[in-house]
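K.L.:
Its first residue numbered 0, the sequence shown is counted upward by one per residue in numbering that gives the first Met the number 0.
No residue lacks a Cβ here, since even glycine has one placed at the ideal position from N, Cα and C.
A single structure is presented below for examination.
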Amino acid sequence: MNIVLLEPEIPANTGNIGRTCVATGTTLHLIEPLGFKINEKTLKRAGLDYWDKLDVRIYKDYEDFLEKCTPQRIYMSTTKAHKLYTDAKFNANDYIMFGRESAGIPEEILVDNEENCIRIPMIEEIRSLNLSNSVAIVLYEALHQLDFQGMQDYGQLHRLSWK
Numbered sequence: 000m001n002i003v004l005l006e007p008e009i010p011a012n013t014g015n016i017g018r019t020c021v022a023t024g025t026t027l028h029l030i031e032p033l034g035f036k037i038n039e040k041t042l043k044r045a046g047l048d049y050w051d052k053l054d055v056r057i058y059k060d061y062e063d064f065l066e067k068c069t070p071q072r073i074y075m076s077t078t079k080a081h082k083l084y085t086d087a088k089f090n091a092n093d094y095i096m097f098g099r100e101s102a103g104i105p106e107e108i109l110v111d112n113e114e115n116c117i118r119i120p121m122i123e124e125i126r127s128l129n130l131s132n133s134v135a136i137v138l139y140e141a142l143h144q145l146d147f148q149g150m151q152d153y154g155q156l157h158r159l160s161w162k
């Protein structure tokens with residue numbers, strides 16, 4: 000899977016998302032401008048000691064991303080979508096894009112991709128969820144649909160054994 004962050008602003012969110020990507024074998028794509036420096040302490044603190052294990056790719060803008068990745072399908076997570084994220088039928092090489100924390104994905108991009116826009120349902124009084132939570136929700140649904148291929152299928156205790 001591929002997670003795409005379009006112009007992320009908050010380093011802690013990106014760090015948390017990076018950690019989720021490492022845990023799931025997902026590639027993280029960051030589209031500039033970023034609201035922080037990649038070597039920023041808070042970014043690496045949120046990603047803990049996993050940041051060096053992350054497959055992260057950086058692009059100068061949205062057009063650069065499209066040119067270098069040539070994704071077959073990009074789902075766009077937005078509060079403005081008609082379809083729910085659970086309506087999507089994910090494939091292993093899909094890209095799931097999320098926009099800036101303060102503004103989301105620009106409507107100019109959304110209108111060209113209406114059929115692939117998805118949303119997480121929430122009550123009317125809430126504007127949006129935290130970006131790292133949104134990524135985790137949608138990514139784990141995609142992985143669930145793919146039967147968590149390549150992921151550990153059971154938990155293990157550290158000091159004791161299951162009976």
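Using beta-carbon positions only, say whether N165 and T25 come within less than 8 Å of one another.
P.N.:
Because the chain in this structure spans residues 0 to 162, residue 165 falls outside the shown range and cannot be described.
K.L.:
Quick one: what's got a C-beta closer than 6 Å to P70's C-beta in the same chain, skipping five residues either side?
P.N.:
Here the set comprises Y94.
K.L.:
How is the beta strand (DSSP E) around H143 delimited, first residue to last?
P.N.:
Segment L130 to Q144 is the alpha helix (DSSP H) holding H143; no beta strand (DSSP E) there.
K.L.:
Exposed or buried, which one is I104 when buried takes at least 16 other CB atoms within 10 Å?
P.N.:
Its Cβ being crowded by 16 or more others within 10 Å, I104 is buried.
K.L.:
What is the residue span of the beta strand (DSSP E) that L29 lies within?
P.N.:
T26 to I30 is the extent of the beta strand (DSSP E) around L29.
K.L.:
Over the uninterrupted beta strand (DSSP E) stretch that includes V3, give me the two end residues.
P.N.:
It spans N1 to L5 - the beta strand (DSSP E) in which V3 sits, taken as one unbroken run.
K.L.:
DSSP three-state call for I9: helix, strand or coil?
P.N.:
In this structure, I9 counts as coil in the three-state DSSP scheme.
K.L.:
Taking its Cβ as the centre, do 16 or more other Cβ atoms sit within 10 Å of L138, making it buried, or is it exposed?
P.N.:
So L138 counts as buried.
K.L.:
Could you give the DSSP three-state label for I104: helix, strand or coil?
P.N.:
Of the three classes helix, strand and coil, the one that applies to I104 here is coil, per DSSP.
K.L.:
Fully enclosed by the stretch 71-121, which alpha helix (DSSP H) runs are 4 residues long or longer?
P.N.:
Here the runs fully enclosed are 106-109.
K.L.:
With a cut-off of 8 Å on the beta carbons, I'd call R118 and T77 a contact; round off their distance for me.
P.N.:
Indeed they touch by this definition, with Cβ atoms about 6 Å apart.
K.L.:
Hey, how far is the Cα of G154 from the Cα of D111?
P.N.:
Distance between the alpha carbons of G154 and D111: 42 Å.
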